[in-house]
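Taking the working numbering, the leading residue of the sequence shown gets 477, the next gets one more, and so forth. Have a look at the structure below, then the notes.
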Amino acid sequence: MSESEGERRELAARSGPGVVLKVILALAIAGAALIAYISTGERSFSMKALSAYDGSNEALPVYISINGVVYDVSANRRVYGKGGSYNMMAGRDASRSFITGCFETHLTHDLRGMTDKELESLETWKNFFKDSPKYPRVGVAKLPPIDPNSAIPEPCADPKSAHK
477 MSESEGERRE
487 LAARSGPGVV
497 LKVILALAIA
507 GAALIAYIST
517 GERSFSMKAL
527 SAYDGSNEAL
537 PVYISINGVV
547 YDVSANRRVY
557 GKGGSYNMMA
567 GRDASRSFIT
577 GCFETHLTHD
587 LRGMTDKELE
597 SLETWKNFFK
607 DSPKYPRVGV
617 AKLPPIDPNS
627 AIPEPCADPK
637 SAHK
């Protein structure tokens, strides 16, 4: 028996039906995960991961989150990117500021204390981003729970002056 024939037999013995089945199973799982990712194209972002998309790195897209839904606003980097007029909202969920226009102290997803009318205005913003082909949905943000014992954010005295 030649050396190469012996190596082939040894390899065949090591890669019996159990090993082959494990490889097939691993490939099937990986394929299913890839199909799920490609079909949704969405990611789940922690707040830390989302903060990397704040417009400070030109190599990365710019993302905002509104009520836990993350949108790519890179098409308007001039506004949402570094130095832009709404850059403070990039890389975070600033749902409250969409309602109040307070861009210093309301950069939070905390909606406690908002009236029904104010929450309706948030729905308008949510629909704007959802329906905009310019700003594709790229994922969801894992919003940290709000401590019910924490203070509700104070109202802005003059929201227009809060925008710098």
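Glycine included, each C-beta is placed from N, C-alpha and C at the ideal position.
Those residues which DSSP pairs with residue i across a bridge
i           : result
residue 615 : 519 and 546
Separation of residue j from residue i, as counted between CA atoms
i           : j           : result
residue 640 : residue 625 : Residue placement at residue 640 cannot be trusted, given a pLDDT of 46 that sits under 50; the coordinates are not used to answer.
residue 536 : residue 529 : 6 Å
residue 597 : residue 629 : 18 Å
residue 549 : residue 610 : 8 Å
residue 543 : residue 582 : 13 Å
residue 556 : residue 595 : 23 Å
DSSP three-state assignment for residue i, whether helix, strand or coil
i           : result
residue 571 : helix
residue 541 : strand
residue 590 : coil
residue 512 : In this predicted model, residue 512 has a pLDDT of only 48, less than 50, meaning its place in the structure is not dependable; the value taken from the coordinates is given anyway. Residue 512 falls in the helix class under three-state DSSP.
residue 556 : helix
residue 605 : helix
Own chain partners of residue i with C-beta closer than 6 Å, once the 5 adjacent residues on each side are dropped
i           : result
residue 512 : Note that residue 512 scores 48 on pLDDT, short of 50, meaning its location in the model is unreliable; the coordinates nonetheless yield the value given after this. Once the five neighbours on either side are set aside, residue 512 has no close Cβ partner at all.
Same chain only: Cβ atoms within 8 Å of residue i, ignoring 5 sequence neighbours per side
i           : result
residue 526 : 539, 541, 546, 567, 568, 569 and 617
residue 554 : 560
Same chain only: Cβ atoms within 7 Å of residue i, ignoring 5 sequence neighbours per side
i           : result
residue 558 : 531 and 532
Residue i CB to nearest heavy atom of the ligand HEM below 6 Å
i           : result
residue 624 : Looking for the ligand HEM in the displayed structure turns up nothing, as the structure carries no ligands at all.
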